[in-house]
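All remarks here apply to the structure that follows.
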Amino acid sequence: MFSSSDSAESWLELPDGRMFWLKGRCTIGRQPDNDLAFDVPALSRQHALIAIDGGRCVLTDLHSRNGTYLNNTAVNRPAQLRDGDEIRLGTVTMRFRRKRRWFSSDEAAPAGVVTQTIDQILERECWLLLVDVVGYAARSEKLGSEAALRQMQGWLTALRPFIEKNGGQINGYVGDAVLAYWPTETVKPAQVVAALKAIEAWRPASVLPFRLVAHHGTVLFSRSDLGQEITGRAVNVVFRSEKIAKGFGAQAMISEDAMKTLGLAGQCESYGRSSIDGMSDYFVFYALPESWAQA
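Counting from 3, one number per residue, gives the positions in the sequence shown under the working numbering.
And the structure:
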């Protein structure tokens, strides 16, 4: 797992693709002595403040000239940040992210987390991708938590473009894993395939070993105090399939539904079928095409 401190688990995704890791208190503005400085005329010298207080991350406008906006709403008083929130300071837009834990759709939400009512839940068909670091706890014990954390930060920074530049959206950073999705109504199968190929091509250069699982199915989208939530049977399958991939000795594995909807039928060798905890039926899983490794 990441370090348990909130400062190690919260960051900003910046316009140029960098990930800026928050450390307790962060001033943002045009002056170079800010913790995060942008040489942009639309920003005030000290424009905004993000502070971590009792496990919460709070955004405050510092009486800026052009305003601070959270999800397109002006920040007139301190506002709590949720994973995935968009922050706009003048002409600079960034996204707030933080690590959170996954809980299955048949599990009660953590205490204090409020999810929207059923009429606010959106159902979409999606491809899902889970990319999970292997052996991070042992690495952290060997290298020390700070050195291991720096490796994890570098790994996340390198992985993110392979997903987002190919039409994917990162739902959340869960434990030592990244969960991403591609809605079928807006994304073509070729984009998902391109992302999978790019990640596999990067694998030899990755600073951390990882396991990849892909699936396709119906996903329920809602909002909670933690940010955007995706739940449902398909999400449960992709998380629980990571353990199955480990049992198969697979670095990369896709479900039969993913294989067929991505147009890969006949190109993938079967690992076999397996049950999934809490589900009565069996699932068939496949390796990625051998031709990808030879490309």
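We put the CB at the ideal spot given by N, CA and C, even for glycine.
All values derive from a computational prediction rather than experimental measurement.
Is it true that the CB of residue j sits closer than 8 Å to the CB of residue i?
i, j, result
"L290", "L198", "yes"
"D85", "Y138", "no"
"A53", "V60", "yes"
"F250", "D134", "no"
"W184", "G174", "no"
"Y288", "R275", "no"
"S257", "S243", "yes"
"P34", "T62", "no"
"T29", "D37", "yes"
"D159", "M281", "In the sequence as presented, Asp is not what sits at residue 159; that position holds Thr. For T159 and M281, no; Cβs fall outside 8 Å."
"G69", "Q48", "no"
"Y71", "R90", "yes"
Can you tell me which of the three DSSP states residue i falls into?
i, result
"V286", "strand"
"I246", "helix"
"G268", "coil"
"F40", "coil"
"L214", "strand"
"P191", "helix"
"L228", "coil"
"I256", "strand"
"L145", "helix"
"E15", "strand"
"T263", "helix"
"P291", "coil"
"V239", "helix"
"R275", "strand"
"R126", "strand"
So, is residue i buried or exposed, given that buried needs 16 or more other C-beta atoms within 10 angstroms?
i, result
"L14", "buried"
"D87", "buried"
"E148", "exposed"
"S293", "exposed"
"V286", "exposed"
"S12", "buried"
"G92", "buried"
"L151", "buried"
"G268", "exposed"
"M255", "buried"
"L161", "buried"
"K167", "exposed"
"L83", "buried"
"S277", "exposed"
"L24", "buried"
"E143", "exposed"
"R102", "buried"
"T119", "Annotation note: pLDDT 45 at T119 (below 50); position unreliable, no value reported."
On a CA-only basis, which of the options is nearest residue i? Give me that one, please.
i, options, result
"R126", "Q269, T233, A254", "T233"
"A44", "S66, N36, P191, R275", "S66"
"L181", "W204, A200, V215", "V215"
"Q155", "M255, V209, F40, T29", "V209"
"L124", "F223, P17, S243", "F223"
"A207", "W157, G19, D18", "W157"
"L264", "L64, Q230, G219, T95", "G219"
"T95", "M255, G19, I201, A252", "G19"
"G229", "R99, K248, A267", "R99"
"A196", "T159, A254, I165", "I165"
"L266", "F241, I246, A192", "A192"
"N73", "G57, T93, R97, G26", "R97"
"T188", "C128, A160, E202, K245", "C128"
"M261", "F241, G31, C270", "C270"
"D279", "G31, V239, D259, G146", "V239"
"H217", "L132, G56, G268, Q48", "L132"
"A252", "V237, E202, M281", "E202"
"K245", "R235, A140, V136, Q153", "V136"
"V176", "R225, F241, N78, A140", "F241"
"P17", "Q153, P163, V221", "P163"
"A200", "A295, V237, G146, Q153", "A295"
"D55", "R205, R27, V221", "R27"
"I172", "K190, E231, Q153, L145", "E231"
"T186", "V237, V221, A140", "V221"
Is the closest heavy atom of the ligand GTP to the C-beta of residue i under 7 Å?
i, result
"M21", "Within the structure as shown, the ligand GTP is missing, as the structure has no ligands at all."
Against chain D, does residue i count as a neighbour if the rule is that its beta carbon must be under 8 Å from one of theirs?
i, result
"A200", "No chain D is present in this structure, which holds just one protein chain."
Curious, which full-length alpha helix (DSSP H) runs of at least 4 residues does the stretch 148-183 contain?
Complete alpha helix (DSSP H) runs here, min 4: none at all.
Which residue spans inside the stretch 22-105 form an unbroken alpha helix (DSSP H) run of at least 4? DSSP runs (the alpha helix (DSSP H)) wholly in the stretch 22-105: none.
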